[in-house]
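Protein chains in written order, with our numbering: chain A, 82 to 529; chain B, 117 to 790. Working notes for the structure below.
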Amino acid sequence: MTSLGKALFYRIDGVVLLLYVLLVAIGISAVYSVEHHVGDLTFFMMNKSYMKQLIWFGYSLGFGFIILLTDSKFFSSFAFLLYTACLAILVITIFAGVDVKGSRSWLGVGGFKFQPGEVCKIFTALAVAKFVSLPETNIAMTGRHVMKTYKDRIIVGAIALVPALLIILQKETGLALVYFCFLLALYREGYPTAIYIIAFSTVALVLGTLLIERKILFVVLTVLFGLIALLMRQTLRRKLIPRVIIISAFLFSILFSQVAVPFVFKHVLQRHQIDRIFGTIGMEVPDEYDKTMVEGEEKKGNSSEYNVLQSKIAIGSGGLFGKGFLNGTSTKNQFVPEQSTDFIFCAIGEQFGFVGSAILVLAYLSLMLRIVFIAERQRSTFTRVYAYCVACILFFHFAVNISMTIGLMPVIGITLPFLSYGGSSLMSFSILIFILVRLDADRQTLIR
Amino acid sequence: MSIAANPRQYVISFIFIGVASIILIRLFFLQNFEAKYKILANDIAIYKKVVYPPRGVILDRKGKEMLSNNAVYDLMVTPHNIPKNFDTLQFCAVLDIQRSNYNSIMRRVQERNIDVRQSTFMEQLSQEQTAKFKENQYMFPGFDLLERNIREYKNASAGMVLGYIGEVSPEMLKRPRYTSYHQGDYAGLSGIEWQYEEVLRGQRGVHYLERDKFNRPRDPYKEGKLDSQEISGKQLDLYLDADLQEYAEKLMANKIGSVVAIDPQTGGILTMVSSPTYDPNLLRGRERAKNYAALYREPTRPLFNRATQAMYPPGSTIKPMTGLVALAVGAITPSFGLGCFGSYNYCSRPIKCEHKDAGHASNFRLALAHSCNSYFCHIFRMTIDYKSFKNVKEGLQTWHDFYSSFSYGRQTGIDIPFEGKGALPDTNTYNKMYRGVWNSCTVVFVGMGQGELLLTPLQMANGMCIIANKGYYYTPHFVRAIGKNENDTLLKKYHEKHVVLNIPDSTFSIVQQAMQDVVESGTAAGAKVEGITICAKTGTAENKAIVNGEVIKMQNHSMFVAFAPRENPKIAIAVAIENAGFGATWAAPIASLLIEKYLKDSVTYKRKAIEDKMMGAHLINKYVYTIDSVLRRRDAMVYENKMRKRYVTDSTKRATDSTMAIRWLEARLRRSKK
Numbered sequence: 082m083t084s085l086g087k088a089l090f091y092r093i094d095g096v097v098l099l100l101y102v103l104l105v106a107i108g109i110s111a112v113y114s115v116e117h118h119v120g121d122l123t124f125f126m127m128n129k130s131y132m133k134q135l136i137w138f139g140y141s142l143g144f145g146f147i148i149l150l151t152d153s154k155f156f157s158s159f160a161f162l163l164y165t166a167c168l169a170i171l172v173i174t175i176f177a178g179v180d181v182k183g184s185r186s187w188l189g190v191g192g193f194k195f196q197p198g199e200v201c202k203i204f205t206a207l208a209v210a211k212f213v214s215l216p217e218t219n220i221a222m223t224g225r226h227v228m229k230t231y232k233d234r235i236i237v238g239a240i241a242l243v244p245a246l247l248i249i250l251q252k253e254t255g256l257a258l259v260y261f262c263f264l265l266a267l268y269r270e271g272y273p274t275a276i277y278i279i280a281f282s283t284v285a286l287v288l289g290t291l292l293i294e295r296k297i298l299f300v301v302l303t304v305l306f307g308l309i310a311l312l313m314r315q316t317l318r319r320k321l322i323p324r325v326i327i328i329s330a331f332l333f334s335i336l337f338s339q340v341a342v343p344f345v346f347k348h349v350l351q352r353h354q355i356d357r358i359f360g361t362i363g364m365e366v367p368d369e370y371d372k373t374m375v376e377g378e379e380k381k382g383n384s385s386e387y388n389v390l391q392s393k394i395a396i397g398s399g400g401l402f403g404k405g406f407l408n409g410t411s412t413k414n415q416f417v418p419e420q421s422t423d424f425i426f427c428a429i430g431e432q433f434g435f436v437g438s439a440i441l442v443l444a445y446l447s448l449m450l451r452i453v454f455i456a457e458r459q460r461s462t463f464t465r466v467y468a469y470c471v472a473c474i475l476f477f478h479f480a481v482n483i484s485m486t487i488g489l490m491p492v493i494g495i496t497l498p499f500l501s502y503g504g505s506s507l508m509s510f511s512i513l514i515f516i517l518v519r520l521d522a523d524r525q526t527l528i529r
Numbered sequence: 117m118s119i120a121a122n123p124r125q126y127v128i129s130f131i132f133i134g135v136a137s138i139i140l141i142r143l144f145f146l147q148n149f150e151a152k153y154k155i156l157a158n159d160i161a162i163y164k165k166v167v168y169p170p171r172g173v174i175l176d177r178k179g180k181e182m183l184s185n186n187a188v189y190d191l192m193v194t195p196h197n198i199p200k201n202f203d204t205l206q207f208c209a210v211l212d213i214q215r216s217n218y219n220s221i222m223r224r225v226q227e228r229n230i231d232v233r234q235s236t237f238m239e240q241l242s243q244e245q246t247a248k249f250k251e252n253q254y255m256f257p258g259f260d261l262l263e264r265n266i267r268e269y270k271n272a273s274a275g276m277v278l279g280y281i282g283e284v285s286p287e288m289l290k291r292p293r294y295t296s297y298h299q300g301d302y303a304g305l306s307g308i309e310w311q312y313e314e315v316l317r318g319q320r321g322v323h324y325l326e327r328d329k330f331n332r333p334r335d336p337y338k339e340g341k342l343d344s345q346e347i348s349g350k351q352l353d354l355y356l357d358a359d360l361q362e363y364a365e366k367l368m369a370n371k372i373g374s375v376v377a378i379d380p381q382t383g384g385i386l387t388m389v390s391s392p393t394y395d396p397n398l399l400r401g402r403e404r405a406k407n408y409a410a411l412y413r414e415p416t417r418p419l420f421n422r423a424t425q426a427m428y429p430p431g432s433t434i435k436p437m438t439g440l441v442a443l444a445v446g447a448i449t450p451s452f453g454l455g456c457f458g459s460y461n462y463c464s465r466p467i468k469c470e471h472k473d474a475g476h477a478s479n480f481r482l483a484l485a486h487s488c489n490s491y492f493c494h495i496f497r498m499t500i501d502y503k504s505f506k507n508v509k510e511g512l513q514t515w516h517d518f519y520s521s522f523s524y525g526r527q528t529g530i531d532i533p534f535e536g537k538g539a540l541p542d543t544n545t546y547n548k549m550y551r552g553v554w555n556s557c558t559v560v561f562v563g564m565g566q567g568e569l570l571l572t573p574l575q576m577a578n579g580m581c582i583i584a585n586k587g588y589y590y591t592p593h594f595v596r597a598i599g600k601n602e603n604d605t606l607l608k609k610y611h612e613k614h615v616v617l618n619i620p621d622s623t624f625s626i627v628q629q630a631m632q633d634v635v636e637s638g639t640a641a642g643a644k645v646e647g648i649t650i651c652a653k654t655g656t657a658e659n660k661a662i663v664n665g666e667v668i669k670m671q672n673h674s675m676f677v678a679f680a681p682r683e684n685p686k687i688a689i690a691v692a693i694e695n696a697g698f699g700a701t702w703a704a705p706i707a708s709l710l711i712e713k714y715l716k717d718s719v720t721y722k723r724k725a726i727e728d729k730m731m732g733a734h735l736i737n738k739y740v741y742t743i744d745s746v747l748r749r750r751d752a753m754v755y756e757n758k759m760r761k762r763y764v765t766d767s768t769k770r771a772t773d774s775t776m777a778i779r780w781l782e783a784r785l786r787r788s789k790k
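Below is the structure:
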């Protein structure tokens with residue numbers, strides 16, 4: 082309890098703040114490098130994105146200062162209220178949203194636009210943390226109230242995923258996927274491992290069905306299940322239920338990949354839907370699903386394919402040390418679409434090469450690991466769960482965004498934390514970090 | 117609730133580290149081992165901008181611009197930059213175009229190109245439009261003027277000599293001459309523009325620029341270290357006299373024919389007219405193809421360079437040369453005389469002579485001055501039958517060699533393309549024509565400039581240079597200096613003196629004296645110019661044409677050759693006017709006016725009447741149109757026949773094919789039945 086006596090300034094975590102400022106600085110210079118032209122006379126041009134981003138950074142710092150001055154109990158006390166308000170705003174957005182590139186996820190207030198889905202992550206994280214930290218909640222299978230545990234698990238899952246549902250209704254699927262990262266944070270709090278295994282294998286099965294040829298997949302699946310059966314032969318001999326589970330899983334996966342998917346693709350889906358599905362995973366439509374084209378119609382180039390190619394060109398041309406600051410020919414001249422928002426990583430990759438991008442990746446990794454470290458030193462569950470939520474949000478954004486720029490993942494429109502240009506993104510990540518820092522400053526007290 | 121040292125925290129950390137490592141490994145390979153991305157990045161992001169320098173300017177002998185570049189402006193539009201409140205009405209008023217016109221152009225622009233890229237709104241604005249637009253440009257964001265150079269022919273004269281430029285066609289690009297060209301480049305297609313293309317063109321510059329995804333050029337790549345600067349085309353100084361050229365074109369108006377004037381001391385061409393002329397400004401810019409087709413269809417064929425390509429029987433203008441060769445081989449002496457009484461009767465058919473009075477051919481001087489046909493036919497026969505030759509064939513071959521050294525029967529080597537050769541008969545020609553059985557009587561007409569000998573006006577003028585210089589000439593050429601350098605390697609061959617076969621100076625003096633008499637007391641008295649000793653020879657060339665399947669005798673060609681002054685020759689000239697009549701009536705006055713204009717800078721008022729008569733004369737023979745239509749009908753019939761033949765062969769082939777197919781099918785059926 083000695084540290085409580087110290088002033089707030091000495092209790093805040095310097096490492097997190099330092100990494101935060103470093104990443105934002107990298108982000109602003111990346112946006113600057115994309116927009117800079119030889120002819121520009123001055124750095125201070127208010128119509129340029131980097132100046133706007135600089136101003137947003139100023140706002141974020143001011144807001145962060147206010148958060149640091151707020152009582153840490155405020156966040157836990159108002160968590161549900163804020164969460165409810167947030168849901169209301171999300172519902173309003175579905176109907177009153179501004180149409181931006183086909184999605185209605187932006188809300189205009191005066192001359193100012195923001196994405197409620199982006200901001201809602203903070204309050205969802207707070208609400209999840211609050212619910213898990215309630216004394217009566219029990220999501221780990223430790224107590225004797227099994228039914229209560231299942232009920233709590235379902236409730237906390239709903240808290241995390243209802244915003245995702247609302248965001249899907251706003252047709253912003255990429256952002257909605259972010260909310261699944263709360264499940265990773267909940268894993269730490271005792272969510273059952275089976276969920277993750279099932280979810281992972283389902284995703285693997287679906288991707289495998291689309292990516293791998295059917296006959297090969299059949300062989301692979303058979304071999305895989307045979308191996309599992311071999312390893313679990315002792316259990317399988319003794320018990321009936323695992324036997325049934327294994328056999329039904331095998332039958333399901335075979336039926337799914339060999340019969341259901343081809344049937345749906347051949348007889349149910351339209352051509353443009355098939356195109357979109359394969360476009361999302363970055364593949365050509367296989368011949369057997371290629372519906373005959375209408376005469377004279379030209380096959381449209383897949384736009385996300387183009388984006389990824391341009392982004393790969395930009396990053397790949399960087400080499401080991403990069404082309405140097407302000408010398409990125411691809412990024413500077415707008416070849417990569419969504420250059421300063423979703424694909425900002427290209428600017429780093431092209432101008433600073435592998436060395437620069439590795440440093441950036443390591444900076445992110447150290448920030449996330451530092452947050453995990455912070456989480457584990459908390460006395461209060463609320464702060465710990467919240468910290469895990471923050472780490473997982475950052476992780477999801479970081480992993481998906483960078484993977485999509487280098488072609489490891491389909492293009493999902495989500496931002497790179499702190500680097501991407503955009504006021505509501507920077508603001509919401511700053512608030513996430515500052516709330517964490519504020520809660521961490523009071524790690525010795527118990528926050529409920 | 118806190119669980120101390122929960123193993124699941126390590127699982128989460130492990131997932132973080134694992135994913136980060138996968139990303140790092142992928143990045144490592146992507147950035148260090150996949151070279152194709154580097155090449156692709158350069159390909160897409162670096163824009164090679166080719167800058168065309170202005171073509172070389174062409175100046176006349178007095179430094180007056182004949183062909184220069186004129187800046188014209190294209191109006192470019194970037195539809196993306198046009199504001200919503202754009203004042204279309206004002207814009208249309210400034211450019212003086214219709215509103216509907218504006219809309220259709222904009223629609224076309226937007227269909228063809230994306231919004232953010234600049235495209236052409238209007239090509240080659242008029243001066244008025246340019247000025248008005250420049251004044252009001254601030255009101256029309258999104259519109260810009262793009263400067264371009266086009267060729268500008270001052271005075272609109274000498275189009276045939278200067279030539280024209282045009283875009284290189286895909287077929288041309290395949291030829292070795294155009295290996296360094298690209299589609300969209302311009303190249304000289306005729307005249308001096310073609311001949312001196314290499315120096316006029318200059319060297320284009322290449323600038324490397326970074327470009328964005330809309331292909332819009334941005335900053336220079338690597339601060340322009342790789343760029344090469346464009347070099348302007350070199351200036352050409354001509355011998356051509358722009359004023360004289362214009363004057364000659366005026367005199368030749370409404371006549372078919374040509375004028376060639378050469379400075380004998382350098383071989384520089386002072387004037388070259390092929391009439392009818394055309395305005396060379398027609399053959400540039402947007403309208404070139406259309407105007408070219410129209411000119412091509414003209415029956416008078418203005419695109420045919422008569423000065424270097426047309427072949428005329430020289431008529432009496434060849435007589436000084438006949439005399440020269442006869443004197444040179446020693447067949448006659450200057451005092452040789454012939455009694456002519458109106459016709460030459462020594463060969464089977466009498467050849468008519470214009471003069472009947474006794475003594476008009478009592479010596480060489482008098483015979484040339486009176487242009488006695490009998491005399492020159494006879495001395496031509498004497499030349500080729502001369503006793504020092506074994507037989508007539510060797511005589512004719514010697515005569516041929518002389519003429520050949522006068523540049524007859526071959527290209528002079530003038531520096532514009534597509535020069536004609538004329539026709540110079542040799543023993544082979546006659547052996548073929550007469551199956552080896554011929555004598556001097558058979559070919560006697562050549563002596564008076566009829567028959568198989570055909571010359572281009574350029575060759576006639578060059579012949580005058582030889583007589584004026586007493587035995588040598590320089591290859592006729594237009595260009596005096598390339599880029600102010602008179603000793604350019606391209607001009608070396610024009611500084612070479614060509615000496616004709618050994619003829620003593622005294623012989624030339626005799627011929628010059630006789631030609632001086634032609635003007636002073638002979639057929640060309642009308643060509644006299646006060647204060648200048650002109651040596652000349654008129655000519656009236658008989659010619660025939662086939663009209664409607666009949667050979668008819670056409671009106672004679674009016675010919676005239678001259679040089680002046682005799683003592684220090686500065687101009688040698690040949691004038692040929694088709695189907696105009698006597699040489700003395702038309703060609704001689706025109707030539708003398710040109711000589712006066714060139715040597716005295718102006719024509720005296722006493723001769724204004726002649727000048728007016730010459731300018732006003734309309735001498736285009738009606739047969740020109742008939743012959744033209746006949747030729748065209750013949751061409752059309754030839755073409756039609758060719759097409760019909762092709763159609764017949766094609767259909768026969770098809771019929772054969774189908775017969776064979778049917779047979780094959782039948783055979784198969786039979787086989788299958790078995």
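For every residue, glycine included, the Cβ atom is placed at its ideal position computed from N, Cα and C. For clarity, every value in this text was computed on a predicted model and none was experimentally measured.
Query                                                                                                                                                                     : Result
In whole angstroms, give me the CA-to-CA distance for residue 165(A) and residue 207(A).                                                                                  : 11 Å
Reducing DSSP to helix, strand and coil, say where residue 323(A) ends up.                                                                                                : helix
Provide the residue span of the beta strand (DSSP E) that contains residue 187(B), from first to last.                                                                    : 181-193
Residues of the stretch 126-144 of chain B with a CB closer than 8 Å to any CB of chain A: list them in chain order, please.                                              : 127, 128, 129, 131, 132, 133, 135, 136, 138, 139, 140, 142, 143 and 144
Using a C-beta to C-beta distance shorter than 7 Å, which residues of chain A count as neighbours of residue 122(B)?                                                      : 269
Please check the pair residue 409(A) and residue 114(A), which I expect to be a contact at CB under 8 Å, by giving their CB distance rounded to whole angstroms.          : 6 Å
Tell me the start and end of each unbroken alpha helix (DSSP H) in the stretch 653-725 of chain B that is at least 4 residues and wholly inside, in chain order.          : 703-716
Can you name the residues that DSSP bridges to residue 264(B)?                                                                                                            : 188(B)
Determine the burial state of residue 243(B): buried for a count of at least 16 other Cβ atoms within 10 Å of its Cβ, exposed for fewer.                                  : exposed
Identify each residue in the stretch 482-495 of chain A for which the Cβ-Cβ distance to at least one residue of chain B is less than 9 Å, and report them in chain order. : 483, 484, 487, 488 and 489
Closest to residue 157(B) by C-alpha separation, out of 426(A), 411(A) and 421(A), would be which residue?                                                                : 411(A)
For a contact meaning CB atoms closer than 9 Å, what does residue 76(A) contact in chain B?                                                                               : This structure leaves residue 76(A) out entirely; chain A is present only between 82 and 529.
Would a check of beta-carbon distances place residue 150(B) closer than 9 Å to chain A?                                                                                   : yes
Does residue 158(B) come within less than 9 Å of chain A when only Cβ atoms are used?                                                                                     : yes
To the nearest angstrom, report how far apart residue 237(B) and residue 574(B) are at their CA atoms.                                                                    : 47 Å
Is there contact here, the stretch 363-374 of chain B with the stretch 180-196 of chain B, by at least three beta-carbon pairs under 8 Å?                                 : no
Given 8 Å as the limit, is there contact between the stretch 459-477 of chain B and the stretch 712-719 of chain B, that is, 3 or more CB pairs closer than that?         : no
Could you tell me whether the stretch 506-519 of chain A touches the stretch 434-444 of chain A, where touching means 3 or more Cβ pairs closer than 8 Å?                 : no
Find the nearest neighbour of residue 662(B) within the set 539(B), 741(B), 626(B) and 600(B), judged by alpha-carbon distance.                                           : 741(B)
Apart from the five residues just before and just after residue 581(B), which ones in its own chain have a Cβ nearer than 6 Å to its Cβ?                                  : 378, 380, 589 and 688
Less than 9 Å between the beta carbons of residue 315(B) and residue 349(B), yes or no?                                                                                   : yes
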